[in-house]
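Below is one structure, written out as structure tokens; comments come after it.
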Amino acid sequence: MITSQQAQDIVLNHCHSTPYAEQFVIYFCELSPKQDFWIIRCNSEGYVIYNQLEHCYIGVNAYLVDTFTGKINIVSSGESVEDFLQEIYDTQTACGQFYLLRPTFSKENKISLLHLKQWIGCGYIDAINLLTINKNWFTGKRRYLQHIQILLDKRDIKTEIILADKIDNIVVINNGTWFEEDIKKELRTVIGNGI
């Protein structure tokens with residue numbers, strides 16, 4: 001296992017390889033909860049030691065150094081370390097497959113069918129197609145699908161997230177699909193695909 005000092009040296013070597021003529025210093029280093037990454041934060045010496053705001057570098061939240069390989073992953077300032085780590089673990093779990101969100105009920109469940117129809121604001125034929133022909137609704141990062149699943153569950157629209165080998169013609173969800181109206185719009189896209 002790579003030690004804390006080795007991980008810090010890896011990050012400092014990476015930072016000093018940039019075209020900036022700054023000295024960088026580490027101000028945070030700890031193991032991830034699974035002890036598979038060193039979470040390291042650093043910035044310019046002028047900022048960390050002397051509190052000179054004009055020397056503060058932005059854009060990087062943390063560096064994750066794999067404790068076995070020494071490979072660096074960079075977490076951008078707009079992301080949390082926890083989310084980044086979870087995406088790494090989700091990718092490992094998927095083993096090359098794709099996460100897919102789909103309904104857990106069939107067209108025979110009239111109450112759930114009615115909830116779906118009313119919530120989307122579509123006709124019965126389109127709602128039935130979402131449960132038969134177009135039953136694989138979305139693909140994307142697992143945490144994005146989990147967010148959608150929680151919102152749909154609040155509307156009594158039960159779904160599941162599975163792993164699949166193929167995702168042909170399935171709507172890809174990104175971090176822009178965050179609110180109920182966005183989800184409705186994407187489900188209407190699924191209806192429009194007519195797969």
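Under full-length UniProt numbering, the residues of the sequence shown are numbered 1 to 195, in order.
Ideal Cβ positions, reconstructed from N, Cα and C, are used throughout, including at glycine.
Everything numeric in this text was worked out from a predicted model, so none of it was measured.
Please classify Ala21 as buried or exposed, where buried requires at least 16 other C-beta atoms within 10 Å of its C-beta.
exposed
On the CB-based measure, 16 or more other CB atoms within 10 Å of its CB, does Gly140 come out buried or exposed?
buried
Just checking my contact of residue 197 with Pro103 at CB under 8 Å: how many whole Å lie between their CB atoms?
There is no way to answer for residue 197, as the model of the chain reaches only from 1 to 195.
Could you spell out the range, first to last residue, of the alpha helix (DSSP H) harbouring Gly46?
Glu45 to Val48
Nearest by alpha-carbon distance to Leu131: which of Gln118, Leu113, Gly123 and Trp119 is it?
Leu113
Pick from Gln23, Tyr27, Ser4 and Val25 that is closest to Trp38, judged by C-alpha positions
Ser4
List the whole-angstrom C-beta distance separating Tyr144 from Asn174, where the pair is believed to meet the contact cut-off of C-beta under 8 Å.
7 Å
Please identify the residue among Asn136, Ser77 and Asp9 whose C-alpha is closest to the C-alpha of Thr67.
Asp9
Residue ranges of each beta strand (DSSP E) within the segment 94 to 160, 3 or longer
98 to 103 and 138 to 140
Helix or strand or just coil, what does DSSP make of Ser42?
According to the sequence shown, residue 42 is Cys rather than Ser. Cys42: strand per DSSP, three-state reduction.
Which partner residues of Tyr63 appear in the DSSP bridge assignment?
Ile40 and Ile74
Where does Cys56 sit, in a helix, a strand or coil, going by DSSP?
coil
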